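Structure, as structure tokens:
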Amino acid sequence: MATAGWCQNATRAPQIGYLYPAGGQAGQTVHVIVGGQFVRGARDVYISGSGVRGKVVATYRPVRNIQQEQRVELEERLRKLREARLAAMPPAERRQWETVPEWARPRPARPAAAPANARNATPAPPPPPLEHPLLDQLEKKSLRELYHVAAQIFFPRQKKQLNSQIDETALLELTLDPRAEPGERELRLVTPLGLTNPMLFQVGTAPETLESEPNDPRPWSPIPPPPPLSLPALINGQIMPGDVDRFRFQARAGQQLVVAVAARRLVPYLADAVPGWFQATLALYDESGREVAFADDYRFDPDPVLFFKVPRNGVYQLDVRDSIYRGREDFVYRIEIGPQPFITRMFPLGGREGQPATAALDGWNLPARQLTLDTSAGGPAIRYARLRGNIATSNAVAYAVDALPESTENEPNDTERKAQKVTLPRIVNGRVARPGDVDVFAFEGRAGEEIVAEVHARRLGSPLDSRLRLLDASGKVLAWNDDQPDKETGLLTHHADSYLRVRLPRDGAYRLELIDAQKHGGEAYAYRLRIGPPRPDFALRAVPASINVSAGRAVPFTVHALRRDGYAGPIDVALVGAPAGWTLGGARISAGRDWVRMTLTAPREAPAGPIVLRLEGRAKIGAETLRRPVVPAEDMMQAFAYQHLVPARELVALVVGPRRGGPPVQLATTDPVRIPAGGSAQVRVNAPLGPMLQNVQLALSDPPAGVALQKTTVVPGGLVLTLAADGKSAPVGLADNLIVEAYSNAPPRPGAQPARPGQRVSLGVLPAIPCEIVKR
Numbered sequence: 187m188a189t190a191g192w193c194q195n196a197t198r199a200p201q202i203g204y205l206y207p208a209g210g211q212a213g214q215t216v217h218v219i220v221g222g223q224f225v226r227g228a229r230d231v232y233i234s235g236s237g238v239r240g241k242v243v244a245t246y247r248p249v250r251n252i253q254q255e256q257r258v259e260l261e262e263r264l265r266k267l268r269e270a271r272l273a274a275m276p277p278a279e280r281r282q283w284e285t286v287p288e289w290a291r292p293r294p295a296r297p298a299a300a301p302a303n304a305r306n307a308t309p310a311p312p313p314p315p316l317e318h319p320l321l322d323q324l325e326k327k328s329l330r331e332l333y334h335v336a337a338q339i340f341f342p343r344q345k346k347q348l349n350s351q352i353d354e355t356a357l358l359e360l361t362l363d364p365r366a367e368p369g370e371r372e373l374r375l376v377t378p379l380g381l382t383n384p385m386l387f388q389v390g391t392a393p394e395t396l397e398s399e400p401n402d403p404r405p406w407s408p409i410p411p412p413p414p415l416s417l418p419a420l421i422n423g424q425i426m427p428g429d430v431d432r433f434r435f436q437a438r439a440g441q442q443l444v445v446a447v448a449a450r451r452l453v454p455y456l457a458d459a460v461p462g463w464f465q466a467t468l469a470l471y472d473e474s475g476r477e478v479a480f481a482d483d484y485r486f487d488p489d490p491v492l493f494f495k496v497p498r499n500g501v502y503q504l505d506v507r508d509s510i511y512r513g514r515e516d517f518v519y520r521i522e523i524g525p526q527p528f529i530t531r532m533f534p535l536g537g538r539e540g541q542p543a544t545a546a547l548d549g550w551n552l553p554a555r556q557l558t559l560d561t562s563a564g565g566p567a568i569r570y571a572r573l574r575g576n577i578a579t580s581n582a583v584a585y586a587v588d589a590l591p592e593s594t595e596n597e598p599n600d601t602e603r604k605a606q607k608v609t610l611p612r613i614v615n616g617r618v619a620r621p622g623d624v625d626v627f628a629f630e631g632r633a634g635e636e637i638v639a640e641v642h643a644r645r646l647g648s649p650l651d652s653r654l655r656l657l658d659a660s661g662k663v664l665a666w667n668d669d670q671p672d673k674e675t676g677l678l679t680h681h682a683d684s685y686l687r688v689r690l691p692r693d694g695a696y697r698l699e700l701i702d703a704q705k706h707g708g709e710a711y712a713y714r715l716r717i718g719p720p721r722p723d724f725a726l727r728a729v730p731a732s733i734n735v736s737a738g739r740a741v742p743f744t745v746h747a748l749r750r751d752g753y754a755g756p757i758d759v760a761l762v763g764a765p766a767g768w769t770l771g772g773a774r775i776s777a778g779r780d781w782v783r784m785t786l787t788a789p790r791e792a793p794a795g796p797i798v799l800r801l802e803g804r805a806k807i808g809a810e811t812l813r814r815p816v817v818p819a820e821d822m823m824q825a826f827a828y829q830h831l832v833p834a835r836e837l838v839a840l841v842v843g844p845r846r847g848g849p850p851v852q853l854a855t856t857d858p859v860r861i862p863a864g865g866s867a868q869v870r871v872n873a874p875l876g877p878m879l880q881n882v883q884l885a886l887s888d889p890p891a892g893v894a895l896q897k898t899t900v901v902p903g904g905l906v907l908t909l910a911a912d913g914k915s916a917p918v919g920l921a922d923n924l925i926v927e928a929y930s931n932a933p934p935r936p937g938a939q940p941a942r943p944g945q946r947v948s949l950g951v952l953p954a955i956p957c958e959i960v961k962r
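Note that the working numbering numbers the sequence shown so that position 722 is 908, with each residue one more than the last.
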């Protein structure tokens, strides 16, 4: 369509819902199934970081109903392959498989009966063979793998929870370099519609295995159990409805085993499930069948970690399932089992910027009891560290770095009389060391002075659920707080850290009391308490983390401002180090706004392939100009209702569609359009396509209340847009961006009776138009 040449084609966004397996061992090549939506035709894989490269083997249509003929054909293939595998086995091994009861063996489906009038009927063409990623290289699969294929593909349809967001599949081949750094990568597919959202792919060091169904804990087994795993091991699996996966492993007396699950970590939120993630549980059994350990979480993290000191040599069994027996293809897990190091507590939870800092550690199988923290200037406020041993690396632990002076809590400080005196501003590193412990800090304040007290604990991995109270010299409670929501921590759903901001009423002595709101305590219940005047600041999140745009055209995205300590001023957003030709439109978050939609425009001669972009927010606060990175994120829904900004590692853009010549579509001015309340104003758009613009209709996309596109006029060299504000819903002082969407009406379907009007087809958007409502 000719009219589509002047703005970005707005298309359905391709999405990934899961990867299986969601990781691999360094030095290995793995085949990964991708479940998603609009991923058919994917042609390439983009993986962040280094050490992992991939290619697309094939993509597949959704498999919802397997036709009778397809089932018969596949069962026959599987039967022949099973017989061939049995014939090639040594006699002793073959006898194990031949003892499987006849009733427990897979049975081929019976051909459908011919209809009564089939004698004169024209036979229908047979359906095409079933296509499924599990059928790739079917002839090379082992006997156990063939049983797994049958169990997964023929899983009862009536038990499945169908979801169009994971119906389409792709098969990838990923090669992991032997020197690949252990840790997480982000994987995106490059599809005809553009880049998908990122999904986590983990690189590990332990030998990996894939679950093989049937593996439920039953008194009988339809197939011989596999030999016990040797440790360390990493198990990959999927949980289906009602499914329980059982694994056996060999353990030695005295081993201190850590069994750590990654499930919610891989797929953080499920939009259509309650709770809004796969809630895995672990149960460990000894050789007698007695349960010896159980875990359904790790403190406040839904992914369970089980700790077990092996009492005697033997074969142990591990069961994994969903807590309420849900399941689906995106209930993916990775379980690492072995004597790997695991840090359970650290103190202090950070250090002062530029000053040496060492944290004391406790945990399981630790090669050292201290960890040096990187406190160098210029890094993020919250950082992560691991303890590296000769064989394995520990879990990552979070810590904070700040420029304020620091001190350590000193016991006893449980009462007003024993309160620890502090000078402000200051960060106190402390612990709620026992159940019922109260930490009290005293300071001198002046009338009218504003004080902020903020706890960092839960955000740094501490189990502390803090509660703060501010009291004056008479014991009167001036303010208290239990939980303070923080959108920066997109994976936390219980925002247990406390925050107070108070203007002191008079000169004199004040004290802060910090406790655990649930009356818990212990060495792990560490915190960092900041006390001092407000430090206005902000953080930024850009959604989505993958942006698809046509060459020379614009695409909208959203930047969220997460304001701190009362900062309400404007924030300017800029590209940093971007290739020539990439520009932002409407790149300001106005004073008092928490988010804004702006646009990204690609150059006309943009190179092929994904491009990593960096954005930065800038604001002048007092005499200082603060610069903060814009962190890419995905806006995820939890359990039908809640939204979370889940950070990503990279903001990646891809130019889609043909490269077009000619001048770009531009606003005649980048200055905000001043619209009088109850009146109108005009803005010119340079769009040099002449009469073609007569076929394009324009409309505002999600405008602020009371603002409307009143009229569009085609003029030589472009358009003039007349924007109006009603003077009631749009208050004076409102500042926002207007996103103008272009669309056309597709012609009616031929032969429709009666003729139906054409469907509205979006052609894309103009660069964002900054506007401000002013007095008339």
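Glycine included, every Cβ here is placed at the ideal spot set by N, Cα and C.
Being a predicted model, the structure only gives us computed values, none of them experimental.
Which residues does DSSP list as the beta-bridge partners of residue i?
{"i": "A446", "result": "V491 and E522"}
{"i": "I568", "result": "A586"}
{"i": "R451", "result": "DSSP output for R451 lists no bridge partner at all."}
{"i": "A208", "result": "Answer is none; A208 lacks a bridge partner."}
{"i": "I733", "result": "A839"}
{"i": "G380", "result": "T377"}
{"i": "S652", "result": "D702"}
{"i": "A356", "result": "V220 and T245"}
{"i": "Y713", "result": "G616"}
{"i": "F528", "result": "W550"}
{"i": "A437", "result": "G500"}
For residue i, is the classification buried or exposed, using 16 other Cβ atoms within 10 angstroms of its Cβ as the cut-off for buried?
{"i": "W666", "result": "exposed"}
{"i": "W289", "result": "Unreliable positioning characterises W289 in this predicted model, as indicated by a pLDDT of 47, which lies under 50. The coordinate reading is nonetheless provided below. W289 should be labelled exposed."}
{"i": "P342", "result": "exposed"}
{"i": "Y570", "result": "exposed"}
{"i": "Y511", "result": "exposed"}
{"i": "V460", "result": "exposed"}
{"i": "R160", "result": "Examination of residue 160 is not possible in this model, given that the chain is present from 187 through 962 alone."}
{"i": "L205", "result": "buried"}
{"i": "T530", "result": "buried"}
{"i": "D548", "result": "exposed"}
{"i": "L348", "result": "exposed"}
Tell me the rounded alpha-carbon separation between residue i and residue j.
{"i": "A809", "j": "A589", "result": "18 Å"}
{"i": "R239", "j": "P200", "result": "21 Å"}
{"i": "A941", "j": "N881", "result": "Low confidence applies to A941: its pLDDT is 47, below 50, so where it sits in the model is not reliable enough to give any reading."}
{"i": "R257", "j": "Q214", "result": "33 Å"}
{"i": "A481", "j": "A469", "result": "7 Å"}
{"i": "T382", "j": "L420", "result": "27 Å"}
{"i": "F464", "j": "V838", "result": "28 Å"}
{"i": "Q852", "j": "G803", "result": "23 Å"}
{"i": "S660", "j": "L700", "result": "18 Å"}
{"i": "R265", "j": "K327", "result": "13 Å"}
{"i": "A466", "j": "P319", "result": "25 Å"}
{"i": "R507", "j": "F743", "result": "38 Å"}
{"i": "A196", "j": "L949", "result": "For A196, the pLDDT reaches just 46, beneath the cut-off of 50, and the residue's location in the model is therefore unreliable, although a value from the coordinates is still provided. Rounded to whole angstroms, A196 to L949 spans 6 Å at the Cα level."}
{"i": "C193", "j": "G738", "result": "Since pLDDT at C193 reaches only 44, below the 50 mark, its modelled position is unreliable, and no value is offered."}
{"i": "L920", "j": "K897", "result": "21 Å"}
{"i": "E958", "j": "I861", "result": "6 Å"}
{"i": "G380", "j": "L905", "result": "29 Å"}
Cβ atoms of residue j and residue i: under 8 Å apart, would you say?
{"i": "L610", "j": "G536", "result": "no"}
{"i": "I352", "j": "D516", "result": "yes"}
{"i": "F387", "j": "A446", "result": "no"}
{"i": "A545", "j": "M532", "result": "yes"}
{"i": "R229", "j": "V218", "result": "no"}
{"i": "L698", "j": "L748", "result": "no"}
{"i": "A586", "j": "G676", "result": "no"}
{"i": "Q526", "j": "A584", "result": "no"}
Should residue i be counted as a contact of the ligand FAD given a C-beta to heavy atom distance under 7 Å?
{"i": "M823", "result": "Summarising the ligand content, the structure contains no ligands, and the ligand FAD is consequently not present."}
Next on the checklist: I'd like the ranges of any alpha helix (DSSP H) spanning at least 4 consecutive residues and lying wholly in the stretch 314-340.
Outcome noted: 329-339
Next on the checklist: In chain order, what are the residue ranges of uninterrupted beta strand (DSSP E) at least 3 long that sit wholly in the stretch 226-271?
Outcome noted: 230-233 and 238-246
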